[in-house]
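Chemist:
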Amino acid sequence: MNYYLKRTAQIPLTILAVATLTFGLIRLLPGGPFTQLRLELLQQGVPAEQVDARIEALQNIRPDAPLWQQYLDYMVGVAQLDLGQSISLNEPVIDVLARSLPWTVFLVVTSTILMFVIGVVIGALQAYWEGSRFDRITSGGSIFLLSVPYYIFAVIFLFFLAFQLQLFPTGNAVARGVDASLSLAYFSSVLHHATLPILAFTISGIGSTALNMRGNGIQVLGEEYVEVARLRGLSNNRIATRYVARNAILPMYTGLLLLIGFRLGGTVVLEEIFSYPGLGYYMIQAVNANDYPLMMGCFLVITVTLVVGVYIADLTYGLIDPRISAGDSDEY
Amino acid sequence: MSTEPDSAAEGIDWRSESSNVEMSRRDQLSELYEQKIRVPAVVAWSDDRTRLGILILSVYLFMALVDVLGLWRDPSPNQADRFLRPFENMQYPLGTTNSGVDLLALIIDSTPFILLMVLAGGVWATTLAVAVGTLSGYKGGTVDTVITTISDFFMAIPGLPLVIVLAIALSPENPILLGVVLTINYWAGLGRSIRSQVLSIREASYVEASRTMGTSTPRIIIKDVLPNIMPYVMVNFVLAARYTIFAAVGLYFIGVLPYSGQNWGVTLSNAYYQGGLFSMQALHWLLVPIIAIVGLAFGLILLSQGMDRIFNPRVRTRLTGESESVTEDTDASTTEMI
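If you're matching them up, the sequences are chains A and B in order.
Its first residue numbered 1, the first sequence is counted upward by one per residue in the working numbering.
Its first residue numbered 1001, the second sequence is counted upward by one per residue in the working numbering.
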């Protein structure tokens, strides 16, 4: 079957599975969101007979219906983009999510691309000058970067650049009073606010990318086809881009799925530190405010974003490697 | 470190087996010591990175020991003046917080907790990944399809948000439970990459031979497949451990994990939210937990870089003087993208 067709067909299935998991977490996890919500409502003094009705209004689940009915209701709700009502913000969950999703995507996409490009360039140069001073220093640097989590960079940047030197804002995605428009003021404000989060998120990932690229690059440089290409008298540029870079980057693509997952999950901490109004920030706000419908909405949307992100990354894989067909293996 | 079940990786299995008959128990033990402990130790120690890594990790083990034996005071408010700077008063070498808590005591006090959690996370993630990865890679067919589908699903869930939801329900305060919860879906990705390693091993001629002889699947996996992927597994064990500590501290930092008593993440969070950000005076309060976290991760990474050499048979033979014409291998496989 056609790879792209197969891959596209997987998307709805995965999203269905993810929504099912979310339902399971809400409804079936002992001590999970559902139980907590009920406890919270009771504590607020809502009469016991009204609790079910309140829950139904907040989360698109009818607690007194049989489980399969609840599941169907939830799924229909998700399909209609009805994820319930946020308790703390007092507006539909989907509105909050629609507002915050672009910021998270912006952070993750920009920083991941930057990280990938910078890491690959550094790693390629290291492989090319293997054993040189540059190689040794950057290898040491990469190993060090591997051992510093991104939120430490975030805290340090925030301390020195935002609080002490006041070069950058300490929170939010745009300055107050700047309206969303296609104006220069808006864009510069957005960039100004996003610089530190993106910087922190990019730097921490460069180490592993560079080390990977270095290893792959050295391996590819030793291959016979590179030697043959040299003997054929191909230009250095052509060898570097078409022969070495392509084959060295390929193995790193397989890690991309995990990478995007780790980075999307990581926004939870990153956005909270920078008070950057993305999905992760709202998720933590919801946790702190016991706003369970919003929390589960954030969880669902972050997961769906990951599924879609990986799908898009997979589609570009075909551009680099024309041989995408993993043949099924025989059973022993 | 020397948990390799068999030395088949070196390909000298047949030789040692034939000589076993005449060897006394004592000789066997001394050979075992030579093979499993001395040679790896020598190889490990010969590399600067491993040496530094082991030294750093011993410092943490030492701190854990100090706490277990109760050799340093427990942290408590007002045990000293507020905001002492590091080395200002040698009674409190790392300084104190805004409520006069000895920072060194804070760090030492939570070391056993952190180490246990890191160990639990690493063991859980790698064991599960190895089991799943070898089984699906070696068996192939339907088993493979089922396992791959399941792990694909788990890979499609971002780790930290899932942990946050689970933490609300489970309130994991036990370090071992916490370690397991933090790496709840880490095994999926690792299992996937172990599977692809196994895929290339299953076609090897010695595996084919075992299969022809009618050896059972578990035995083939343990005797033929595992020793070959052991280096990769050990390196990834360390990386999983690193992931556990990063995730734990991150979540403690933003305050979504329950805790009793402070630990590095909570200290960092307190320093950050209780005014450590606004003045240079409290900078050390922020830096001490940061150094503790980065130091542990750095030690782990150095160890994983050096571990590659311990398991790399080519480096080992050169060290024991059996071969001279060996070029150093580059560590292409050591760092997964994380």
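C-beta: ideal position from N, C-alpha, C; glycine also.
#1: Find the residues of chain A that neighbour residue 1189 of chain B, judging by a C-beta separation of less than 7 Å, and give them in chain order.
#2: Can you grab the Cα-Cα spacing for the pair residue 1158 of chain B / residue 269 of chain A, in whole Å?
#3: Alpha helix (DSSP H) containing residue 1139 of chain B: first to last residue?
#4: Hey, residue 87 of chain A and residue 281 of chain A: beta-carbon distance below 9 Å or not?
#5: If you follow the alpha helix (DSSP H) that residue 1169 of chain B is part of, which residue opens it and which one closes it?
#6: Considering only DSSP beta bridges, list what residue 92 of chain A is partnered with.
#7: Could you name the residues of the region 1247-1269 of chain B whose beta carbon sits closer than 8 Å to any beta carbon of chain A, in the order they occur along the chain?
#8: Could you name the residues of chain A that residue 1305 of chain B contacts, counting a contact when the two beta carbons are closer than 7 Å?
#9: Would residue 1157 of chain B pass as an interface residue toward chain A - the criterion being a Cβ-Cβ separation below 9 Å?
#10: So, does the CB of residue 348 of chain A fall closer than 9 Å to a CB anywhere in chain B?
#11: Any idea what DSSP makes of residue 1093 of chain B, helix, strand or coil?
#12: So that I know if they touch, is there some Cβ in chain B lying closer than 9 Å to that of residue 12 of chain A?
#13: For residue 1263 of chain B, which three-state DSSP category applies?
#14: How about residue 1060 of chain B: is its C-beta nearer than 9 Å to some C-beta of chain A?
#15: Let me confirm a value: residue 208 of chain A is counted as buried when at least 16 other C-beta atoms fall within 10 Å, else exposed. Which label applies?
#16: Taking C-alpha atoms, which residue in A:2, A:173 and A:217 lies nearest to residue 102 of chain A?
#17: Hey, residue 38 of chain A and residue 63 of chain A: beta-carbon distance below 9 Å or not?
#18: Tell me which same chain residues have a C-beta within less than 6 Å of the C-beta of residue 1086 of chain B, skipping the five on either side of it?
#19: Report the residue from B:1153, B:1287 and B:1245 whose alpha carbon sits nearest the alpha carbon of residue 155 of chain A.
#20: At a CB-CB cut-off below 8 Å, which residues of chain B make contact with residue 276 of chain A?
#21: Can you check whether the CB of residue 1117 of chain B is closer than 9 Å to the CB of residue 1182 of chain B?
#22: Does chain B have any CB closer than 9 Å to the CB of residue 55 of chain A?
#23: Could you tell me if residue 1200 of chain B is buried or exposed, where buried requires 16 or more neighbouring beta carbons within 10 angstroms of its beta carbon?
#24: Buried or exposed, going by whether 16 or more other CB atoms sit within 10 Å of the CB of residue 1213 of chain B?
#25: For the pair the region 1094-1113 of chain B and the region 1046-1065 of chain B, tell me if three or more CB-CB distances fall below 8 Å.
#26: Do the region 168-186 of chain A and the region 233-245 of chain A touch if we need at least three Cβ pairs shorter than 8 Å?
#27: Compute the Euclidean distance between the alpha carbons of residue 55 of chain A and residue 1259 of chain B, then round it to the nearest angstrom.
#28: Under 9 Å, Cβ to Cβ, is there at least one residue of chain A near residue 1085 of chain B?
#29: Is it buried or exposed, residue 1139 of chain B, if we count other Cβ atoms within 10 angstroms and call 16 or more buried?
#30: Would you call the CB atoms of residue 89 of chain A and residue 96 of chain A closer than 9 Å?
#31: Can you confirm whether the region 136-147 of chain A touches the region 215-229 of chain A when touching is taken to mean that 3 or more C-beta pairs between the two stretches lie within less than 8 Å?
#32: Would you kindly check if the distance between the Cβ of residue 152 of chain A and the Cβ of residue 1294 of chain B is under 9 Å?
#33: Residue 1122 of chain B and residue 1237 of chain B look like a contact to me (Cβ under 8 Å); what is the Cβ gap, rounded to whole Å?
#34: Any heavy atom of the ligand MG closer than 8 Å to the Cβ of residue 1172 of chain B?
#35: Please classify residue 1187 of chain B as buried or exposed, where buried requires at least 16 neighbouring CB atoms within 10 angstroms.
Modeler: Checking against the coordinates, here is how it stands:
#1: 258
#2: 13 Å
#3: 1103-1139
#4: no
#5: 1159-1170
#6: A:85
#7: 1249, 1250, 1251, 1253, 1254, 1255, 1256 and 1268
#8: 143
#9: yes
#10: Here chain A has residues from 1 to 332 only, and residue 348 of chain A is not among them.
#11: coil
#12: no
#13: coil
#14: no
#15: buried
#16: A:173
#17: yes
#18: 1094, 1095 and 1284
#19: B:1287
#20: In chain order: nothing, as chain B lies at least about 13 Å away.
#21: yes
#22: no
#23: exposed
#24: exposed
#25: yes
#26: no
#27: 29 Å
#28: no
#29: buried
#30: yes
#31: no
#32: yes
#33: 5 Å
#34: For the structure depicted, the ligand MG is absent and the ligand set is empty, with no information on it obtainable.
#35: buried
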